[in-house]
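S.K.: Reading the sequence shown from the start, the letters are residues 220 to 306 in this note's numbering.
Positions of the beta carbon are idealized from the N, C-alpha and C atoms, including for glycine.
Pasting a structure here, questions to come.
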Amino acid sequence: MSVNIYVGNLSYEMTESKLNELFSVHGAVSSAKIITDQYTGGSKGFGFIEMKERKEADNAINDLNGKNILNREMKVNIAKPKTNNWN
220 MSVNIYVGNL SYEMTESKLN ELFSVHGAVS SAKIITDQYT GGSKGFGFIE MKERKEADNA
280 INDLNGKNIL NREMKVNIAK PKTNNWN
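This is the structure in structure tokens:
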């Protein structure tokens with residue numbers, strides 16, 4: 220079962236490949252996605268990592284949460300399920 224991880228407070232210089240590198244040290248990464256603005260194409264400063272194993276994801280979270288990367292202290296935790304707040 221894969222684990223979806225939220226990564227916030229990313230430097231605007233962060234790339235998906237660099238993000239993948241940071242997490243792959245801890246285990247198999249299925250995907251790395253930085254969320255971008257639909258109009259400018261620039262980073263919104265957060266993204267998501269999907270890892271295959273829960274133990275590897277937990278190790279990555281424990282190691283990378285609060286770590287200073289590219290002069291920004293990353294916030295890393297299990298992603299909350301997407302909800303529709305339309306009501």
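Look at the Cβ atom of ILE253, then the Cβ atom of LEU238, and state whether they are nearer than 8 Å.
M.R.: In the sequence shown, the residue the question calls residue 253 occupies position 34. In the sequence shown, the residue the question calls residue 238 occupies position 19. Yes, they are a contact pair.
S.K.: Kindly indicate the opening and closing residues of the alpha helix (DSSP H) around SER243.
M.R.: For this step, residue 243 is matched to residue 24 along the sequence shown. Membership of SER243 in the alpha helix (DSSP H) is indicated by the continuous run 235-243.
S.K.: Can you name the residues that DSSP bridges to MET270?
M.R.: Counting from one through the sequence shown, the residue named residue 270 turns up at place 51. Per DSSP, the beta bridge partners of MET270 are VAL222 and VAL248.
S.K.: If you draw a straight line from the alpha carbon of GLY260 to that of ASP277, how long is it in whole angstroms?
M.R.: As a working note, residue 260 is residue 41 in the sequence shown. As a working note, residue 277 is residue 58 in the sequence shown. Roughly 31 Å between the two C-alpha positions.
S.K.: Within its chain, find whatever has a CB closer than 6 Å to the CB of ALA251; leave out the 5 residues flanking it on each side and keep chain order.
M.R.: The residue labelled residue 251 in the question sits at position 32 within the sequence shown. So the qualifying residues of the chain are GLU235, LEU238, ASN239 and ILE268.
S.K.: Give me the Cα-Cα distance between GLN257 and ALA247, rounded to the nearest whole angstrom.
M.R.: Within the sequence shown, residue 257 is the residue found at index 38, counting from 1. Within the sequence shown, residue 247 is the residue found at index 28, counting from 1. Approximately 29 Å between the Cα atoms of the pair.
S.K.: Under three-state DSSP, which class holds ASN278?
M.R.: Numbered from 1 along the sequence shown, position 59 holds the residue referred to as residue 278. The DSSP-derived three-state label of ASN278 is helix.
S.K.: Among LYS263, GLU232 and SER249, which one has its Cα closest to the Cα of ARG273?
M.R.: Walking along the sequence shown from the start, residue 273 turns up at place 54. If we check each option's Cα against that of ARG273, SER249 comes out closest.
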